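Colleague: I am attaching a structure below and will ask some questions about it afterwards.
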Amino acid sequence: MLTDPRLRLVAGTELADNDEAVLAALDGVRVVLRVDGAPPSASAAVGLLIGLVARLFAHVHIDGDARAEVSGLTMSASELLERLRWLRPAAVTQPTVDKVIGIGLTGGRPVDLGIGGGAWTARVGREPQPVTQVHGVPLFGVQAAACLAVAELIKETLLPVGFRSRRLDRTLVWDLLSYRIDTATGRVDRQRRVPVEVALAGVGSVGTSVVSTLLAANTPFLSKVVLIDPEDFDDRNPFRYPALLDDITGAGKAQWARQRLADAGVEASAYRGTVAQWVADRPEPGFDGVLVASPDTLTGRRDVTDVLARTTLSVGVAGLAFHVSRHHLGDGLACPYCEYVNTGPLSTQAEVYAVHTGLEVARVLQLMQPGAVLAADDLARVHATGKISMASRAALLGHRLDDLIARAYAEVRVAPAGDAAQVLLAAPYVSALAGVLAAVEIYKINLGLPVVDRRLDLDLSGLPQGYVRRPSADATGRCLCASGFRQAAMRRLYRSMGGPGRVVLQSAPTGGAH
1 MLTDPRLRLV AGTELADNDE AVLAALDGVR VVLRVDGAPP SASAAVGLLI GLVARLFAHV
61 HIDGDARAEV SGLTMSASEL LERLRWLRPA AVTQPTVDKV IGIGLTGGRP VDLGIGGGAW
121 TARVGREPQP VTQVHGVPLF GVQAAACLAV AELIKETLLP VGFRSRRLDR TLVWDLLSYR
181 IDTATGRVDR QRRVPVEVAL AGVGSVGTSV VSTLLAANTP FLSKVVLIDP EDFDDRNPFR
241 YPALLDDITG AGKAQWARQR LADAGVEASA YRGTVAQWVA DRPEPGFDGV LVASPDTLTG
301 RRDVTDVLAR TTLSVGVAGL AFHVSRHHLG DGLACPYCEY VNTGPLSTQA EVYAVHTGLE
361 VARVLQLMQP GAVLAADDLA RVHATGKISM ASRAALLGHR LDDLIARAYA EVRVAPAGDA
421 AQVLLAAPYV SALAGVLAAV EIYKINLGLP VVDRRLDLDL SGLPQGYVRR PSADATGRCL
481 CASGFRQAAM RRLYRSMGGP GRVVLQSAPT GGAH
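Sequential numbering from 1 applies to the sequence shown in full-length UniProt numbering.
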C-alpha cells in the first residue's frame, strides 16, 4: 500500500491500481512557478502559491525569484521551496510536461495559468494577469487567485484519471467585495478604521490559514486576537495546513498561532480548551467582536452559537466545497446552528451521529458520555461503512467520538471507471481559500465596507458562481436562535448599533461592489 500523504482512500475499499495512476499523473507534471513578475506587495500570494504546489507536486521549479511570505515569515521564493523540502512528496515518475503558472505580467513570456488582481479582485486566466497595487491594503485578491489557480491545475492534471470538474474557459475576474463575477472593484472609500477584536474558535486547517492571511495584512487593523483550541499539531498537519513551514508536531495549535501573531506585534492570547470551556471561563456572556469558527461537529456548532458573539463568521469545509457565512443571532436570518436543526425523523443528535458514522444509535449514546472512547469494534464498523480509511481506523483507537466525526479533510475524489478503488487527494487549497476569505471579511468589517450578505458557497471542482445567499432562520422554532433567553441576551449585550460589525436583530443592508 502506498503511503504518500497526498492520497487518502475512501474507507472500506482497498487501493487498487488507481492510486499509482493518480500519483503518476501528478508526478508527470513539472510545475514551473514564474514569480519574478510579482511585486513585493504580492509576497503573501507568492508564499501561498509555493506552499500549495510544493505539497501536491513532486517536481517544482522556481523561474526567476521574488519575495515570499508565509505566516509572517519572509524569505525568497527559492528559499521557501527549499525550506519545504522536508515535507515534499517523493516522486514516483519523471515529468513529461511542464505547466507554467505566473504571477503578474511576465515580461511577455507565456504561461499556462496567470494569477493577478489586487486588494479586492482575483484574476485567473490562460495568459499573464496584471497585479494592481493598492496603497495600505493587502492584496487579498491575488492570494485568492493563487488558490483558484492551484485548483485549476489539479483539475487539468487529474482529468485523465477520472476527476470530473468544470474547467476555466476564459479569464475569471472575481470581486471579493460583492463576490460577483466579471466585476473589478475600483476605488473603495473607507468609512472607518476601528480595530476589531477577533476570537478564532479552532486553529486547524482553516484557522491557521486565517492567521497567515491576517499576518500578511496590515497588522494594526487588529485589536486583540484570542485563539481557542484544545489540540496539539500532529504529524499529518504540516502537509495539510499550508500556513505551516516546519515540523511542529506536539506543539499546541493555539499557542503556535499566538506566538506568530505576537511576533508581528499583535496582542494575542491562547486558550487551550474547547469553545464551551472558554465561554464558561469568561467573566460575562457575549463577545463584542468577530468570532471566526470552523466547527465540524454539531456540538461544536452549538457551542459557537452559544458564545453570543456580536458577529460570527462560520466556515464549513466538506470535500472540495466550503462556505463562509456571517451571522447575528436573532436577526431573522440563519444562525450557525440553523441548517443542522433536523426536521425529519432523525430528531436527536445521536441519530445524526449514527448516520455520519455507521454506528448504532445505542452505541453512539454510550460514546457521548463523559470519558467514553472508541473501541476497536467501533472503528471496524465505521471503516466497513466507508467513512474512514484504514490509517484513520488505527489512529482513532482510544479517541473520543468527536475525534471520529472531525476526521475529515478537504479532498479530491477521483472516481475511475469500473470497479477500481476511489482515491481521495488531499486538497489544502480549499481550506487556504476559506481562510483567505474569512480574513477578507474581518478586514471589511474593520474598514466599514460591505460584508458578505450572508452566505457564500464555493465548490473548487468548479468555479466561483458570483452570488451569495441569505438563508432564513430555522422556521420550526427548535433552533438555539429561537430561544427567548438568547435573543434577550443579544439585545441586552449589543443595544448600541455603532462599532465594528454591529448589526443586531435586523437584516444587514449590505450590497454590491464599490
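Yeah, the Cβ is synthetic: ideal placement off N, Cα and C, and Gly gets one too. As the structure is a computational prediction, the values presented were derived from the model and not from experiment.
Run through DSSP, which three-state label would Trp120 get?
Modeller: In this structure, Trp120 counts as coil in the three-state DSSP scheme.
Colleague: By DSSP, does Phe233 sit in helix, in strand, or in coil?
Modeller: In this structure, Phe233 counts as coil in the three-state DSSP scheme.
Colleague: What is the DSSP secondary structure of Asp459, counted as helix, strand or coil?
Modeller: Three-state DSSP puts Asp459 in a strand.
Colleague: Bridge partners of Thr74, per DSSP?
Modeller: Paired residue(s): Glu69.
Colleague: Kindly indicate which three-state DSSP category Tyr494 falls into: helix, strand or coil?
Modeller: Correct three-state label for Tyr494: coil.
Colleague: From which residue to which residue does the beta strand (DSSP E) around Tyr429 run?
Modeller: Premise fails: Tyr429 lies in the alpha helix (DSSP H), Pro428 to Leu447, not in any beta strand (DSSP E).
Colleague: Look at Val452 and Arg326 and say whether their C-beta atoms are less than 7 Å apart.
Modeller: Going by C-beta atoms, Val452 is nearer than 7 Å to Arg326.
Colleague: For chain D, find out if any of its Cβ atoms is closer than 7 Å to the Cβ of Val142; answer yes or no.
Modeller: In the structure shown, chain D cannot be found, because there is only a single protein chain.
Colleague: DSSP beta-bridge partners for Ala309?
Modeller: Per DSSP, Phe287.
Colleague: Below 7 Å CB to CB, which residues in the same chain sit around residue 582 once its five sequence neighbours on both sides are set aside?
Modeller: Missing from the structure shown is residue 582; the chain here goes from 1 to 514 and no further.
Colleague: Does the contact criterion of 3 or more C-beta pairs under 8 Å hold for the stretch 200-218 versus the stretch 286-304?
Modeller: Output reads yes: the stretch 286-304 touches the stretch 200-218.
Colleague: Apart from the five residues just before and just after Pro40, which ones in its own chain have a Cβ nearer than 7 Å to its Cβ?
Modeller: The residues are Arg67.
Colleague: Quick check: the stretch 425-434 against the stretch 394-406, are at least 3 beta-carbon pairs closer than 8 Å?
Modeller: The stretch 394-406, when compared against the stretch 425-434, does not touch it at the 8 Å Cβ threshold.
Colleague: Within 10 angstroms of the Cβ of Glu284, are there 16 or more other Cβ atoms? Answer buried if so, exposed if not.
Modeller: Exposed, because fewer than 16 other Cβ atoms sit within 10 Å of the Cβ of Glu284.
Colleague: Which word fits Trp278, buried or exposed, when buried means at least 16 other C-beta atoms lie within 10 angstroms of its C-beta?
Modeller: With 16 or more Cβ atoms within 10 Å of its Cβ, Trp278 is classed as buried.
Colleague: Report the rounded CA-to-CA distance for Leu153 versus Ala268, giving the unit in angstroms.
Modeller: Going by the C-alpha atoms only, they are around 36 Å apart.
Colleague: Among Leu158, Val142, Gly107 and Lys155, which residue has its Cα nearest to the Cα of Val173?
Modeller: Considering only alpha carbons, the answer is Val142.
Colleague: Based on the DSSP secondary-structure assignment, which residues constitute the bridge partners of Arg469?
Modeller: For Arg469, which the question treats as bridged, DSSP gives the partners Arg455.
Colleague: Which complete alpha helix (DSSP H) runs does the stretch 121-203 hold, if anything under 4 residues is left out?
Modeller: Counting whole runs of 4 or more residues, the stretch 121-203 contains the alpha helix (DSSP H) stretches 140-158.
Colleague: Quick one: Cα of Glu231 to Cα of Val46, how far?
Modeller: Looking at the two C-alpha atoms, the distance is approximately 29 Å.
Colleague: Would Arg6 and Pro95 be called neighbours here (beta carbons separated by less than 7 Å)?
Modeller: Taking 7 Å as the Cβ cut-off, Arg6 and Pro95 do not qualify as a contacting pair.
Colleague: Would you identify the three-state DSSP class for Leu7, choosing helix, strand or coil?
Modeller: Strand, per DSSP.
Colleague: Please state the DSSP three-state secondary structure of Tyr241.
Modeller: Coil, per DSSP.
Colleague: Give every residue of the same chain whose Cβ lies closer than 6 Å to the Cβ of Asp182, excluding the five residues on either side of it in the sequence, and list them in chain order.
Modeller: Excluding positions up to five away in sequence, the list reads Val173.
Colleague: Taking DSSP as the reference, what is the three-state secondary structure of His356?
Modeller: Three-state DSSP puts His356 in a helix.
Colleague: Can you give the Cα-Cα distance for residue 530 and Gly330, rounded to whole angstroms?
Modeller: Past the boundaries of the shown model lies residue 530; the chain is included only from 1 to 514, so the question cannot be answered.
Colleague: Residues bridged to His61 by DSSP?
Modeller: DSSP output for His61 lists Val32 as bridge partner(s).
Colleague: Would you mind sorting Trp86 into buried or exposed? The rule is 16 or more other CB atoms within 10 Å of its CB.
Modeller: Burial call: exposed.
Colleague: To the nearest angstrom, report how far apart Glu156 and Tyr271 are at their CA atoms.
Modeller: Roughly 42 Å between the two C-alpha positions.
Colleague: Would you kindly check if the distance between the Cβ of Val275 and the Cβ of Val317 is under 7 Å?
Modeller: Not a contact, by the Cβ cut-off of 7 Å.
Colleague: Quick one: Cα of Thr343 to Cα of Thr476, how far?
Modeller: With a pLDDT of 38 at Thr343, under the threshold of 50, the predicted position of this residue should be treated as unreliable, and no value is reported.
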